[in-house]
Amino acid sequence: MAVADTIECVDCGGRCHRLPFDPPELGWEVGDVVRYRCTDCHDEWFLEIDGDDLDDDA
Ligand SMILES: [Zn+2]
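According to numbering that gives the first Met the number 0, the stretch in the sequence shown is residues 0 to 57, in order.
This is the structure in structure tokens:
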């Protein structure tokens, strides 16, 4: 599973978009922290990437 473009907001159930949208130039790495902002309540969420997120990366 790749790093998600969007996640569901824990607070309001709205959609949270990844910021920035584009992946890093060198690709995602385990331990990277990805920021998401909710379009409904504007809360921000931070997810740390673990190995399961990068299965389809070379
Ligand atoms: Zn929200």
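Beta carbons: idealized from backbone N, C-alpha and C, even for Gly.
In the DSSP assignment, residue 18 falls within the beta strand (DSSP E) that extends over 14–18.
In the DSSP secondary-structure assignment, residue 5 is bridged to 16. At a cut-off of 7 Å, the beta-carbon of residue 13 counts as near ligand 1: some heavy atom of the ligand is closer than that. The beta-carbon distance between residue 48 and residue 29, rounded to whole angstroms, is 6 Å. This is short enough to meet the 8 Å contact definition. In this structure residue 33 is buried. Its beta-carbon is surrounded by 16 or more other beta-carbon atoms within 10 angstroms.
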